[in-house]
Amino acid sequence: MICVLSRVRPLGQTLQFAFSMTLLGCLIAPLCAQSQNAPPAQPATGQTAQPTAPATLPPAAPQRVRPIDAAAPLPDRTAMLRGAYGPFRANNDLLYYHLSVRVNPDDKSLKGKNTIRFRMLRDGTRIQLDLQEPLDVDKIVYGSTELKYQRDTGAVFIDFPQTLRAGQIYSIDFYYSGHPRTTGRFGGITFKTDPAGHTWINTACEGIGASIWWPNKDQWRDEVENMDISVEIPNNLTDVSNGKFVGKTNLGDGYTRWDWHVSYPINNYDVSLNIGDYVHFGDRLGDVPLDFYALPADLDKAKTQFAQAKGMLEAYQHYFGEYPFAKDGYKLIEAPYSGMEHQSAVTYGNLFENGYLGRDWTGVGISPRFDFIIIHESGHEWFGNSITAADPADMWIHEGWTTYLESLYVEYRWGNADAIKYLSGYRPKIHNLRPIVGERGVNAEPPEDQYFKGALMLNTLRSVVDNDAAWWKLLHDLYQHFKYQNILTEDIVAYCNQHTGMNLTPIFNQYLRHAQIPRLELLFGEAPGMVMYKWRADEEDFAMPIRVGAADHWQIIRPTTKWQSMQTPLSKDDFAVDTDHYYVDVNKQ
Numbered sequence: 003m004i005c006v007l008s009r010v011r012p013l014g015q016t017l018q019f020a021f022s023m024t025l026l027g028c029l030i031a032p033l034c035a036q037s038q039n040a041p042p043a044q045p046a047t048g049q050t051a052q053p054t055a056p057a058t059l060p061p062a063a064p065q066r067v068r069p070i071d072a073a074a075p076l077p078d079r080t081a082m083l084r085g086a087y088g089p090f091r092a093n094n095d096l097l098y099y100h101l102s103v104r105v106n107p108d109d110k111s112l113k114g115k116n117t118i119r120f121r122m123l124r125d126g127t128r129i130q131l132d133l134q135e136p137l138d139v140d141k142i143v144y145g146s147t148e149l150k151y152q153r154d155t156g157a158v159f160i161d162f163p164q165t166l167r168a169g170q171i172y173s174i175d176f177y178y179s180g181h182p183r184t185t186g187r188f189g190g191i192t193f194k195t196d197p198a199g200h201t202w203i204n205t206a207c208e209g210i211g212a213s214i215w216w217p218n219k220d221q222w223r224d225e226v227e228n229m230d231i232s233v234e235i236p237n238n239l240t241d242v243s244n245g246k247f248v249g250k251t252n253l254g255d256g257y258t259r260w261d262w263h264v265s266y267p268i269n270n271y272d273v274s275l276n277i278g279d280y281v282h283f284g285d286r287l288g289d290v291p292l293d294f295y296a297l298p299a300d301l302d303k304a305k306t307q308f309a310q311a312k313g314m315l316e317a318y319q320h321y322f323g324e325y326p327f328a329k330d331g332y333k334l335i336e337a338p339y340s341g342m343e344h345q346s347a348v349t350y351g352n353l354f355e356n357g358y359l360g361r362d363w364t365g366v367g368i369s370p371r372f373d374f375i376i377i378h379e380s381g382h383e384w385f386g387n388s389i390t391a392a393d394p395a396d397m398w399i400h401e402g403w404t405t406y407l408e409s410l411y412v413e414y415r416w417g418n419a420d421a422i423k424y425l426s427g428y429r430p431k432i433h434n435l436r437p438i439v440g441e442r443g444v445n446a447e448p449p450e451d452q453y454f455k456g457a458l459m460l461n462t463l464r465s466v467v468d469n470d471a472a473w474w475k476l477l478h479d480l481y482q483h484f485k486y487q488n489i490l491t492e493d494i495v496a497y498c499n500q501h502t503g504m505n506l507t508p509i510f511n512q513y514l515r516h517a518q519i520p521r522l523e524l525l526f527g528e529a530p531g532m533v534m535y536k537w538r539a540d541e542e543d544f545a546m547p548i549r550v551g552a553a554d555h556w557q558i559i560r561p562t563t564k565w566q567s568m569q570t571p572l573s574k575d576d577f578a579v580d581t582d583h584y585y586v587d588v589n590k591q
């Protein structure tokens with residue numbers, strides 16, 4: 003998604019080993035509150051500090067710390083080969099896939115081919131694609147020539163008999179078959195039955211990789227410009243995949259082929275199969291078709307619950323502009339797992355209840371008003387699918403932004419106070435044990451803090467900008483500038499610096515590239531009516547304005563990492579810091 007002619011940009015990548023730590027026990031994250039000021043449906047013309055009551059939170063429950071949240075795992079050969087954008091990935095730019103696959107539910111097998119079209123960026127005789135074992139490479143064909151290849155874990159290195167020339171477009175057919183393994187959080191690809199006993203097959207392979215079930219260039223930096231998907235399944239089943247439904251063809255052998263066309267760039271893990279005894283109903287939002295698929299027994303519940311999708315789309319369009327995949331439409335599809343942001347084909351398994359799997363997700367009474375999976379996973383259509391991180395290390399661009407979008411949905415529907423209350427409920431989920439942005443080029447998963455800390459950082463930046471009209475414009479224009487592109491953290495930082503006229507780099511770095519959040523140090527008693535202050539931060543040039551004093555009469559100070567002083571009539575106990583608007587720690591002495 004970087005540009006039409008070449009969405010591949012050079013990235014400096016190094017392989018640095020990180021040593022894993024043992025599982026840390028439970029911790030209780032700091033508990034704070036946060037708030038902001040903006041009307042629910044119309045962006046504000048300006049932000050001014052207003053007195054707000056601190057958000058009231060229940061006592062924090064001990065949070066489980068996963069090993070990956072404590073330390074980055076040591077990358078193995080498979081992770082390196084898949085994560086590194088090596089010379090045989092970098093020498094070509096993807097243009098198009100046509101994935102054609104027959105799915106046999108009886109023996110849980112796949113057989114098919116992927117037609118892969120690409121442009122060479124430099125002369126070469128070898129390219130790298132990916133297909134994970136135990137799937138077999140049947141053959142790889144260029145024209146009428148069967149190509150030689152070498153497999154190394156999940157990587158497939160393909161050799162051409164003559165040099166492929168830079169600037170020229172080539173196409174190969176990659177034939178494969180076999181029984182894919184089921185692994186990962188949601189299985190990668192699963193062969194199940196629904197409660198009525200009918201076949202139910204679904205894919206969800208973010209993290210484990212799309213090459214677990216189909217051959218592709220399995221990385222995040224390069225995407226096809228468009229794609230066709232053809233799925234052959236038994237006649238009594240329905241396939242719902244990405245893009246616009248083109249049609250279905252009875253093949254005369256007990257199988258029907260379902261054809262879909264994707265009109266936009268799409269990342270590999272977004273490509274999906276949803277095969278089952280689905281029933282369909284629909285709606286429209288302007289020119290955008292809204293298509294919903296549910297199991298027959300759940301149809302009535304789906305008609306009620308899926309009605310939230312239209313309001314969700316209206317809210318996100320309000321902040322960022324039109325739905326990014328209008329030609330393909332928006333689909334919401336029942337699945338046997340919680341949900342996933344498959345492009346134009348969002349999957350849903352949230353029990354047809356508000357909240358998250360029947361729970362108050364942030365624990366402050368806001369999330370039971372809406373269906374978390376519909377709101378969060380669909381938000382990825384803007385951040386994750388339209389704008390995509392170029393490396394998993396920068397995945398906060400997906401998850402931090404989309405978690406922040408949840409709060410924008412709340413603000414659009416119920417106002418700013420509830421949005422801030424909602425965000426404050428995320429604070430106990432943050433661990434602050436390792437940086438969010440880690441090592442690139444090793445297919446490394448970031449810690450869970452990418453969701454909650456990422457969102458609270460963005461919320462903090464809104465207060466740093468301190469002008470809601472400028473903030474809303476920045477959000478809208480940033481999205482419009484980067485849509486259909488694959489980007490890194492540096493791209494977002496540079497854009498925000500340029501369009502705010504501020505040096506926000508140290509702030510981004512502190513929250514994303516260090517484990518700890520900034521701590522405001524306050525020292526009282528050096529002299530009557532005086533308080534000294536500075537930031538405790540890892541970034542030497544960290545400087546961030548913050549509101550302090552009394553909640554009904556905030557004043558903005560501009561601490562750095564050097565001591566400064568101010569006069570105040572307030573005692574240490576009465577001197578407050580606006581932690582409703584800023585995700586920071588405070589140390590008063």
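Going from the sequence shown to our numbering is simple: count from 1 and add 2. Built from N, CA and C at the ideal position, the CB exists for glycine as well. These figures come from a predicted structure and were not determined experimentally.
In the three-state reduction of the DSSP assignment, Arg371 falls in the helix class, which pools H, G and I. The C-beta distance from Tyr295 to Gly381 rounds to 20 Å, too long to fall under 8 Å, and the pair is not in contact. A Cβ-Cβ distance of about 18 Å is found for the pair Pro547 and Val495, leaving them out of contact under the 8 Å criterion. Around the beta carbon of Lys574, a 10 Å sphere encloses fewer than 16 other beta carbons of the protein chains shown; the residue is thus reported as exposed. Trp556 sits in a strand when the DSSP states are folded into three classes.
Here DSSP, grouped into helix, strand and coil, assigns Ile389 to strand.
Between Tyr280 and Arg104 a beta carbon distance of about 19 Å is seen, past the 8 Å cut, so the two are scored as non-contacting. For the 8 Å CB-CB criterion, Ala446 and Pro69 do not form a contact. Annotation for His400: the continuous alpha helix (DSSP H) segment containing it runs 398-416.
Ranked by Cα distance from Ala74, the options Glu542, Ala517, Lys590, Gln557 are led by Ala517. Under the DSSP assignment, Ala496 falls in the alpha helix (DSSP H) whose first and last residues are 491-502. For the segment 133-190, the continuous beta strand (DSSP E) assignments of 3+ residues that do not extend past its boundaries occur at 138-144, 150-154, 157-166, 171-180, in sequence order. According to the DSSP assignment, Lys536 belongs to no alpha helix (DSSP H) but to the beta strand (DSSP E) extending over 532-538.
Between the beta-carbon of Asp241 and that of Leu275 there is about 6 Å, and that keeps the pair under the 8 Å contact cut. For Pro508, the uninterrupted alpha helix (DSSP H) segment begins and ends at 507-515. Taking all protein chains in view, the Cβ of His400 is crowded by 16 or more other Cβ atoms within 10 Å, so the residue is classified as buried.
In this chain, the beta strand (DSSP E) harbouring Ile231 covers 228-236. Tyr332 and Ser213 have their C-alpha atoms some 25 Å from each other.
For the beta strand (DSSP E) assignment, the uninterrupted runs of no fewer than 3 residues enclosed by the segment 263-338 are, from N- to C-terminal side, 276-278, 281-287, 290-296, 332-336. Judged by DSSP secondary structure, Leu112 falls outside any alpha helix (DSSP H) and instead within the beta strand (DSSP E) spanning 111-122. Taking C-alpha positions only, Tyr513 is separated from Glu542 by approximately 14 Å. Counting only the Cα atoms, Phe510 lies some 22 Å from Gly427. In this structure the segment 422-436 lies against the segment 366-373, because at least three pairs of beta carbons, one per stretch, are closer than 8 Å. Contact between Asn116 and Asn204 is absent: CB atoms are separated by about 20 Å, not below the 8 Å threshold. Counting the other CB atoms within 10 Å of its CB gives Arg79 a total below 16, which places it among the exposed residues. Taken through DSSP and simplified to helix, strand or coil, Ser426 comes out as helix. Here the alpha carbons of Ala168 and Asp154 stand approximately 26 Å from one another. Under DSSP, Gln487 shares a beta bridge with Ile389.
With respect to the 8 Å criterion, Ile160 and Leu137 are not classified as neighbours on the basis of their beta carbons. Straight through space, the alpha carbons of Ala529 and Leu572 are spaced by roughly 13 Å. Straight through space, the alpha carbons of Ala157 and Gly88 are spaced by roughly 11 Å. Here Met229 is actually not in contact with Tyr321; their C-beta atoms are around 28 Å apart, not less than 8 Å.
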